[in-house]
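One line per chain: the protein sequences are A and B, in this order. Following our numbering, the numbering of the first sequence begins with 1 at its first residue and continues without gaps. Following our numbering, the numbering of the second sequence begins with 245 at its first residue and continues without gaps.
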Amino acid sequence: MSHPGDELLAAYVDGALPEPERRTVAAHLDACPACRDEVALAARARGALRGLPEEPAPVGVTGPVLREVERAAGTRRARAVRWLAGAAVAAAVVALLALALPELGGGGAALPPADEVSAAQEAGLPAAAASPASPSLERSDRDYHPSDLEALAREASAGTERLAAAEAKTPPAVARAVGCVLRGSDLTPKDRIVRLIDARFQGTPAYLAVALRGPGAGQPPTKVVVWVVAKEGCGPLAYSQDAL
Amino acid sequence: MSGPAESDDQLVRRTLAGDREAFGTLVERHRRRAYNLALRMLGREEDARDATQEAFLTAFRKLSSFRGDAAFSTWLHRVTVNACYDLLRRSARAPLAPSGDDQPQPEPGPPIPDHAEATADRVDVRRALLGLPPEHRAVLVLHDVQDLPYEEVARILGVPVGTVKSRLHRARVALGRELRGEAEAERLAPPEPSQEGR
Numbered sequence: 001m002s003h004p005g006d007e008l009l010a011a012y013v014d015g016a017l018p019e020p021e022r023r024t025v026a027a028h029l030d031a032c033p034a035c036r037d038e039v040a041l042a043a044r045a046r047g048a049l050r051g052l053p054e055e056p057a058p059v060g061v062t063g064p065v066l067r068e069v070e071r072a073a074g075t076r077r078a079r080a081v082r083w084l085a086g087a088a089v090a091a092a093v094v095a096l097l098a099l100a101l102p103e104l105g106g107g108g109a110a111l112p113p114a115d116e117v118s119a120a121q122e123a124g125l126p127a128a129a130a131s132p133a134s135p136s137l138e139r140s141d142r143d144y145h146p147s148d149l150e151a152l153a154r155e156a157s158a159g160t161e162r163l164a165a166a167e168a169k170t171p172p173a174v175a176r177a178v179g180c181v182l183r184g185s186d187l188t189p190k191d192r193i194v195r196l197i198d199a200r201f202q203g204t205p206a207y208l209a210v211a212l213r214g215p216g217a218g219q220p221p222t223k224v225v226v227w228v229v230a231k232e233g234c235g236p237l238a239y240s241q242d243a244l
Numbered sequence: 245m246s247g248p249a250e251s252d253d254q255l256v257r258r259t260l261a262g263d264r265e266a267f268g269t270l271v272e273r274h275r276r277r278a279y280n281l282a283l284r285m286l287g288r289e290e291d292a293r294d295a296t297q298e299a300f301l302t303a304f305r306k307l308s309s310f311r312g313d314a315a316f317s318t319w320l321h322r323v324t325v326n327a328c329y330d331l332l333r334r335s336a337r338a339p340l341a342p343s344g345d346d347q348p349q350p351e352p353g354p355p356i357p358d359h360a361e362a363t364a365d366r367v368d369v370r371r372a373l374l375g376l377p378p379e380h381r382a383v384l385v386l387h388d389v390q391d392l393p394y395e396e397v398a399r400i401l402g403v404p405v406g407t408v409k410s411r412l413h414r415a416r417v418a419l420g421r422e423l424r425g426e427a428e429a430e431r432l433a434p435p436e437p438s439q440e441g442r
């Protein structure tokens, strides 16, 4: 028989060959001193390599990396948010949203189709009680900034009792927005998205999603997370969170 | 704050969204593996530290190009291997390195008596590794030291699985010869007949 190929011998030395092939290779090795010698060398190398200990990473490997990350985060102005938003900012957001939000459907009623939503908005209809179903798509001309996210989360954490989820038929625009948010964030369908806003973030057209998160299935939420993803490409733009 | 249960993918997304703590968690999680990969590829601790740092910086700067590509750990391994190749190329071009060769040339170890094999191998395998071309080192370190499956090594190196296996076998045989102290004799001798028929 011809000599087994390198691929076969690698798998043989690893003990990864299924039985019929293994027997064939073993039979060849019995008859071929050259291949037998090769396999012995390979097995010896493998054994020596597997015996190498894993060394601890020395101090100082990561320091410069983390400093660079810090600098980059500073210049990008996209940062992990500390919760210092003033009440005035929160109030401003509430007022602005009250203007921008049309009534999307009372109680558990089905949401109107997306084009009706935008038509209502173009007509400048003022919102009644802002009680967004979960999730409806709010549209806004506002250009959000990182500091606004604090207020968004804070507002949600202050008023979760009015954010009871309403089961509703999901219009395509909402489904698109949710899909985009799920793609660009670490939110999953299990997270309860309580607000979904179609606006801009630092000039970029974006979806802002406010979600409630619990420690586990069936447990009450313990924090609010805010994700901002670009409408174009659904890439993540900013992230923020607050405890409930 | 990043909890222990968060996946690499979640941390990557957060990093992209500007959460620098998330990248810190990724670094913390992967630095030992990356450092050991570099250490076995390069031999010297200072070089391994430099390559590891370079790898994480590259990973951070190019994180947006990684998305959707593969698992973060696979990608980080690739970036680390490339950082090692870069460092080897640079040191090969440095004035003091032997000219006309891509790789550093360590002194070959003395022949090892057979009965002392196992113990001596552990001591000498590090040096023996450095006698091999970088492509051989990479496949040996990833598969035999870090115990990654063929498919994962193939993804990291960007070559077909078949190539990983055949390269692995040739690299093992070459390393086995280094360990047996035959490396020098092998370079001078004509190729073995068993290699011809393949």
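Beta carbons are placed, not taken as given, at the ideal position from N, Cα and C, and that holds for glycine.
So with Cβ pairs under 8 Å, would you call residue i a contact of chain B?
i: Val210(A); result: no
i: Leu29(A); result: no
i: Glu38(A); result: yes
i: Ser185(A); result: yes
i: Pro58(A); result: yes
i: Arg23(A); result: no
i: Pro236(A); result: yes
i: Val13(A); result: yes
i: Leu84(A); result: Confidence at Leu84(A) is low in this model, with a pLDDT of 32, below 50, so its placement is unreliable and the value that follows should be read with caution. Leu84(A) does not count as touching chain B.
i: Glu150(A); result: no
i: Asp6(A); result: yes
i: Pro205(A); result: no
i: Val178(A); result: no
i: Tyr64(A); result: Rather than Tyr, the amino acid found at residue 64(A) in this sequence is Pro. At least one chain B Cβ lies under 8 Å of Pro64(A).
i: Val61(A); result: yes
i: Arg44(A); result: yes
i: Tyr239(A); result: yes
i: Arg192(A); result: no
i: Arg67(A); result: no
i: Leu17(A); result: no
Can you give the beta carbon distance from residue i to residue j, rounded, assuming they're within the 8 Å contact cut?
i: Ala45(A); j: Arg416(B); result: 4 Å
i: Val229(A); j: Leu237(A); result: 6 Å
i: Ile193(A); j: Ala211(A); result: 5 Å
i: Asp252(B); j: Leu270(B); result: 6 Å
i: Glu395(B); j: Val405(B); result: 6 Å
i: Pro4(A); j: Val25(A); result: 5 Å
Closer than 8 Å, CB to CB, is residue i near chain A or not?
i: Gly353(B); result: With a pLDDT of 45 at Gly353(B), under the threshold of 50, the modelled position of this residue cannot be trusted; read the value that follows with caution. No, Gly353(B) lies away from the interface with chain A (no Cβ there is under 8 Å from its Cβ).
i: Leu260(B); result: yes
i: Asn326(B); result: no
i: His413(B); result: yes
i: Leu401(B); result: no
i: Val271(B); result: yes
i: Glu369(B); result: Reading the sequence as shown, one finds Val at residue 369(B) and not Glu. Taking Cβ atoms only, chain A reaches closer than 8 Å to Val369(B), which makes this a yes.
i: Val397(B); result: no
i: Asp335(B); result: Contrary to the premise, residue 335(B) reads as Ser rather than Asp in this sequence. Answer no: the Cβ-Cβ gap between Ser335(B) and chain A never drops below 8 Å.
i: Leu283(B); result: yes
i: Thr296(B); result: yes
i: Val389(B); result: yes
i: Asp263(B); result: yes
i: Gly425(B); result: no
i: Gly375(B); result: no
Compute the Euclidean distance between the alpha carbons of residue i and residue j, then round it to the nearest angstrom.
i: Arg424(B); j: Leu374(B); result: 15 Å
i: Pro64(A); j: Leu41(A); result: 42 Å
i: Arg139(A); j: Arg258(B); result: 25 Å
i: Glu232(A); j: Thr222(A); result: 31 Å
i: Arg288(B); j: Ala16(A); result: 33 Å
i: Ser2(A); j: Leu376(B); result: 28 Å
i: Ala408(B); j: Ser240(A); result: The sequence given here has Val at residue 408(B), not Ala. When rounded, the distance between both Cα atoms is 43 Å.
i: Phe304(B); j: Arg275(B); result: 13 Å
i: Gly214(A); j: Trp227(A); result: 16 Å
i: Leu260(B); j: Val69(A); result: 11 Å
i: Gly47(A); j: Glu250(B); result: 35 Å
i: Pro53(A); j: Val369(B); result: 12 Å
i: Leu29(A); j: Val383(B); result: 25 Å
i: Ala206(A); j: Val59(A); result: 40 Å
i: Gln219(A); j: Ala314(B); result: 33 Å
i: Arg381(B); j: Ala43(A); result: 16 Å
i: Asp14(A); j: Ala27(A); result: 17 Å
i: Leu249(A); j: Gly179(A); result: The shown model of chain A, from 1 to 244, leaves out residue 249(A), and the question about it has no answer.
i: Leu320(B); j: Ala31(A); result: 44 Å
i: Leu332(B); j: Glu379(B); result: 11 Å
i: Pro189(A); j: Leu208(A); result: 16 Å
i: Ala11(A); j: Arg23(A); result: 13 Å
i: Ala372(B); j: Val389(B); result: 14 Å
Output, in chain order, the set of chain D residues within a Cβ distance shorter than 8 Å of residue i.
i: Tyr279(B); result: Chain labels in this structure do not include chain D; the protein chains are A and B.
Counting pairs of Cβ atoms below 8 Å between the region 314 to 328 of chain B and the region 276 to 293 of chain B, do you hit three or more? yes
### Start-end ranges of the alpha helix (DSSP H) lying completely within the region 15 to 81 of chain A, minimum 4 residues
19 to 31, 33 to 50 and 63 to 76
| query | Would you call the region 47 to 64 of chain A and the region 291 to 301 of chain B in contact, with 3 or more CB pairs under 8 Å? | reply | yes
Practice task
Any chance you could list the alpha helix (DSSP H) runs of at least 4 consecutive residues sitting entirely within the region 374 to 411 of chain B, in chain order?
Solution key: 378 to 384 and 394 to 401
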